Every structure is written in structure tokens, then in C-alpha cells.
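**Q** Just so it is clear: in the sequence shown, position 301 is 301 by UniProt numbering, and no numbers are missing.
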Amino acid sequence: MFTLDSDNDFGMELRAAVVEELQDLMKENSKIIALEADLGSASKWIDISKSTPKQFINVGISEANMVGVAAGLSLTGFTPFIHTFGPFATRRVLDQIYMSGAYSKNTINIYGSDPGFTAGHNGGTHTTWEDIAVLRSIPDVVICDAADAVQMKWIIKEFSMLKGIHYVRGNRKAVKNIYEDGSNFELGKGNLLREGEDYLIIATGQLVSEALEVSQLLLEKGITSDVIDMFTIKPLDRELILERVIGKKKIITIENHSIIGGLGSAVAEVIADNGIGISLQRIGVDSRFGQVGTPKYLQKEFGLTTEKILDQII
Numbered sequence: 001m002f003t004l005d006s007d008n009d010f011g012m013e014l015r016a017a018v019v020e021e022l023q024d025l026m027k028e029n030s031k032i033i034a035l036e037a038d039l040g041s042a043s044k045w046i047d048i049s050k051s052t053p054k055q056f057i058n059v060g061i062s063e064a065n066m067v068g069v070a071a072g073l074s075l076t077g078f079t080p081f082i083h084t085f086g087p088f089a090t091r092r093v094l095d096q097i098y099m100s101g102a103y104s105k106n107t108i109n110i111y112g113s114d115p116g117f118t119a120g121h122n123g124g125t126h127t128t129w130e131d132i133a134v135l136r137s138i139p140d141v142v143i144c145d146a147a148d149a150v151q152m153k154w155i156i157k158e159f160s161m162l163k164g165i166h167y168v169r170g171n172r173k174a175v176k177n178i179y180e181d182g183s184n185f186e187l188g189k190g191n192l193l194r195e196g197e198d199y200l201i202i203a204t205g206q207l208v209s210e211a212l213e214v215s216q217l218l219l220e221k222g223i224t225s226d227v228i229d230m231f232t233i234k235p236l237d238r239e240l241i242l243e244r245v246i247g248k249k250k251i252i253t254i255e256n257h258s259i260i261g262g263l264g265s266a267v268a269e270v271i272a273d274n275g276i277g278i279s280l281q282r283i284g285v286d287s288r289f290g291q292v293g294t295p296k297y298l299q300k301e302f303g304l305t306t307e308k309i310l311d312q313i314i
């Protein structure tokens, strides 16, 4: 059961949420190991190296090796969590995740930070619009996009209790809170945050906040909408989509990701598979590379601010 945050203010940094949750879990479970690819200061995982040094490994700038070490730890009964920036946690190590991780039935929990426009001044080399797309094709991989710090902490705890390959993406910095502390979720189940009659809006990650704002602005124009936080993109909550699409005039997906292979594509598959004749508008990034800029500038440049999203809808 979840409760919506009434203030919608900026909450804890997501990297701090990950570290705090991991530190709590590691105190109770000595089998949890945190691995870093020399980004300890950027991710604050250096705090883990101080609080539980025997459960922390910095592999250096060698992400593929980090996945291999994590797979080896899994084979010997440990539960590894690894972190690096989103493109290096997915694209760069794709075959290692496939072969040493999923195909070999190992457990690796992956935090890919700063997806999409949140890469900011790190530029196009550090931007990933396609991390969800490349991982969706691997069997049995669980993929999440955290909407806020409350949800991120819940996801990390949930991952720690499961076997398999689990990926969560999220900004390192603070985002607006959607949920109250103590909220609980269910992997593979979307959260219906608002109900309406006209549109079905499905969003993921920190853009859930923008989706709620867009829904409010549409309401002022006489258009009511459902808003779903689809924080688990794989497995996708097909049942909720099919339930809420009945009677709607349009479906809109919103994501900080390419429109190719991400949330929009996953929803399109549900719509096509079930012969639903309703227009689907996918709002995300349309086949572009990243570039240098502040996250705020890039969010506008790539059309993912509340105002830009609304302009695309009406």
C-alpha cells in the first residue's frame, strides 16, 4: 500500500537513498557485497567502504570485470550490488550481464545512475537513452525506474531478497517526492495515482512528477486522465493497462528514455497484442544522442519538461 506525498517537495538524493538502504541491509546480512567502478565519491558508495569495508570492493574503471566479479560472488553465495553510470552499467557490459549473469542464473543487482537528461555536463558519452531497451531483450531480467527516494529505497530492499538479475535506474540527485515514507509497492505492478475518463497517462521514473503536473493542467482544460506510475517496466503490468484503457480516447507514455525499446514500446506491444484500437502517443527521446548541458537545460532540449510534454499532447 502506498500513500502519496502531499507536498511534492524534493526529497533525499537517490544516491543517498541507495547508500542508506544498503548500509542498513549490510548490517543485517554479511553476504551483501557492494561493488563500485571507481565512482565512490560521485555515488557516495565511499560511505559504504567506511561503514562496512569488508563488504565493499572498488574494482576500478573496469565495469565488465565488475560484472564478472559480481557473478563469481553470486556463485559462492553472496548477494552483490553494483553501481556505475547507466550506460556503463548496461551497454558497456551487456554481454557480461547476459552470459555471466542471466544465462548462468546468477544474482546481480545493478544501480545505473543518471539516465537520460540527468547525465548533465558529463555529456553524450555518459548519456543513456537505451539502457531499458537493451536489457528488456534479456530473459528474466527485472527492470525498474525509481520515481523518488522512497521508492528507490523500497526497490533496493526488495532486490536484496530475490535471485536473478535486477536493474534499477535513477538520478543521483534529489527528485520530487511522489510517495510518503513507509509506502510499499509490488514488483510488476503499476501504481494508479490519479483517475480520469479521457486519457490514460503511463509514466516512469522521475517523470512521474511531470505526468501528474500535466494531468492537472489537462484537467484545467476539461480533460481528465488516469496517471499510472509504471515503475517496473519488466515485468510490465499488462493487466492494469488493459483494465484502465477501457473507454479512453488516447494513451500517452512518458519516459526519460528513447521511445524505441522503452516504456512506450512495451505498452505498444500490449496494445497491439490485444487488438486495442486506441491512439498511443509515446513521449520520450526520438533517436538522438546525448549532449552537454545542465540537466534542467537538457530536460527542456529533449522535450521532457511539463510544458514541453503538454505541448506535445494538445
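For every residue, glycine included, the Cβ atom is placed at its ideal position computed from N, Cα and C. Everything numeric in this text was worked out from a predicted model, so none of it was measured.
1. What's the C-alpha gap between A211 and T306?
2. Determine the contact status of F85 and D114, defining contact as a CB-CB distance below 8 Å.
3. As a quick exercise: from R244, K234, I314, pick the residue whose alpha carbon is nearest that of E220.
4. What residues in its chain sit with their C-beta under 7 Å from that of I276, if we drop five residues either side in the sequence?
5. Does the count of Cβ pairs from the region 116-128 and the region 43-53 closer than 8 Å reach three?
6. Measure how close the beta-carbons of S209 and S225 come, nearest whole angstrom, since I'm counting them as under 8 Å.
7. Assign L304 to buried or exposed, taking buried as 16 or more other Cβ atoms, counted over all protein chains shown, within 10 Å of its Cβ.
8. CA-CA distance, E195 and I201?
9. Of all the options E20, F2, E21, Y111, which has the alpha carbon lying nearest to the alpha carbon of E36?
10. So I228 and L193 are in contact, right, with Cβ under 8 Å, and what is the actual spacing, rounded?
11. Quick one: measure Cβ to Cβ for L298 and V270, integer angstroms, because I've assumed they're closer than 8 Å.
12. Report the three-state DSSP secondary structure of T118 (helix, strand or coil).
13. Am I right that H166 and V142 are in contact with their C-beta atoms under 8 Å? What's the rounded C-beta distance?
14. Indicate the three-state DSSP secondary structure (helix, strand or coil) for V175 in the structure shown.
15. With a Cβ-Cβ cutoff of 8 Å, do Q206 and A149 count as a contact?
16. What does the alpha-carbon distance come out to for the pair D38 and Y199?
17. May I have a chain-ordered list of the alpha helix (DSSP H) segments no shorter than 4 residues that lie completely inside the region 244-304?
18. For T79, which residues does DSSP report across the bridge?
19. Helix, strand or coil for E13, going by three-state DSSP, please let me know.
20. Just to confirm, are I33 and I57 a CB contact at a threshold of 8 Å?
21. Indicate the three-state DSSP secondary structure (helix, strand or coil) for G101 in the structure shown.
22. In angstroms, rounded to a whole number, what distance separates the CA positions of S287 and I155?
23. Please name the residue in I108, W129, P53 whose C-alpha comes closest to that of K27.
24. Got a sec, what are the start and stop residues for the beta strand (DSSP E) S113 sits in?
25. Would you kindly work out how many angstroms separate the C-alpha atoms of S279 and S30, rounded to a whole number?
26. Using DSSP's beta-bridge definition, name the partner residues of L226.
27. For K234, name the three-state secondary structure that DSSP assigns.
28. Keeping to the same chain, check which residues put their C-beta closer than 7 Å to that of N184; ignore five residues upstream and five downstream.
29. Taking the alpha-carbon of N191 as reference, which of L217, L240, I223 has the nearest alpha-carbon?
30. Any idea if G261 is buried or exposed, counting beta-carbon neighbours within 10 angstroms, 16 or more meaning buried?
**A** Concretely, from the data shown:
1. 7 Å
2. yes
3. I314
4. V245
5. no
6. Contact doesn't hold; Cβ gap of about 15 Å is too wide.
7. buried
8. 10 Å
9. Y111
10. 7 Å
11. About 30 Å separates the two Cβ atoms, so there is no contact after all.
12. helix
13. 5 Å
14. strand
15. no
16. 45 Å
17. 263-273, 295-301
18. I32
19. strand
20. yes
21. helix
22. 29 Å
23. P53
24. 108-113
25. 50 Å
26. According to the sequence as given, residue 226 is Asp; it is not Leu. Its beta-bridge partners are L200.
27. strand
28. M1, F2, W154
29. L240
30. buried
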